[in-house]
Amino acid sequence: MAKCPPGVICFENFTFIFVIFALIIIIYFMYSKQNTNEINISSEKTNTIPTTTGLFPRPSYSFSNVQQDVLLNPYSAPLRDERYIQSTDIRGGVPINIGTQSIDTNYRQVGLLKRMNGPEMLLPLMGRPLFVARDKWQYYTMSDKNNAIKLPVSFKSKSCTNEYGCDEISNGDTVYVDGIDAPFQVTLYDNAVMKYIPFI
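Taking numbering that gives the first Met the number 0, the leading residue of the sequence shown gets 0, the next gets one more, and so forth.
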């Protein structure tokens, strides 16, 4: 075995090749990491156009382009949809947290509330059917101030946000909104016309 002269650093062929290979791998990973960061930064700069194509629009925009969104889509007519639309889970697998009596539908704007006493105030009435065979609904409204805080609605001295809901509200009924000391008169939207696909 050959010895290294004093004052000189010697490498074996295998050690030299291993060090060169390790340096190449490190440089490659550093370069690829820097390249992906540049791609992410450039894609963030190009995505400055607002996209609101779902039920959850960006908070800084007060509109939505969802077809039947009465609350946020200015082009959607104020019609009430009373269908029992069940949300489907597209992930597959075993469903969890399924209600035993009620069906889980989304809230939608079904009408508006007008303050009866005091200064004029209009609030959206959000509701969803609770049980299929009974006329029980859950309702709430949103404040026109304070970043649209969701406020519970009471009808016939019963809270409409609990698990049992309350009786279905009709036009002209009087309801109370928690947090506002005044009765509100209900104005419901007209029912939407049922539609079908004629070619199926």
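Beta carbons are placed, not taken as given, at the ideal position from N, Cα and C, and that holds for glycine.
| Check | Outcome |
| --- | --- |
| Cys-3 - partner residues in DSSP beta bridges | According to DSSP, which records beta bridges pairwise, Cys-3 is partnered with nothing at all. |
| Length-filtered (3 minimum) beta strand (DSSP E) runs lying within the region 120-184 | 121-128, 135-141, 149-154, 173-176 |
| Beta-carbon spacing of Asp-166, Asp-134 below 9 Å | yes |
| Beta-ladder partner(s) of Thr-186, from DSSP | Leu-111 |
| Secondary structure of Thr-104, DSSP reduced to three states | coil |
| Gly-110 vs Thr-173 beta-carbon contact at 9 Å | no |
| Rounded separation between Leu-122 and Arg-114 - CA only | 8 Å |
| Nearest neighbour of Ile-168, chosen from Glu-162, Asp-180, Phe-154, Val-176 [CA to CA] | Phe-154 |
| Member of Tyr-175, Gln-108, Thr-104 whose CA lies at the smallest distance from the CA of Phe-252 | This structure does not reach residue 252, given that the chain is present from 0 up to 199, and the question cannot be answered. |
| Three-state secondary structure (DSSP) of Ala-21 | helix |
| Nearest-angstrom Cα separation, counted from Ile-196 out to Tyr-163 | 35 Å |
| For Ile-26, the three-state DSSP class (helix, strand or coil) | helix |
| Same chain only: Cβ atoms within 6 Å of Gly-126, ignoring 5 sequence neighbours per side | Val-109, Trp-136, Tyr-138 |
| As assigned by DSSP and simplified to three states, the class of Phe-13 | helix |
| Span separating the alpha-carbon of Val-152 from that of Ala-191 | 24 Å |
| Residues near Ser-59 in its chain [Cβ-Cβ closer than 7 Å; skip 5 each side] | At Ser-59, the pLDDT of 49 sits below 50, so the modelled position is not reliable; the number obtained from the coordinates is stated separately. If we look at Ser-59 and ignore the five residues flanking it on each side, it has no Cβ neighbours. |
| Burial state of Thr-140, where buried means 16 or more other Cβ atoms lie within 10 Å | buried |
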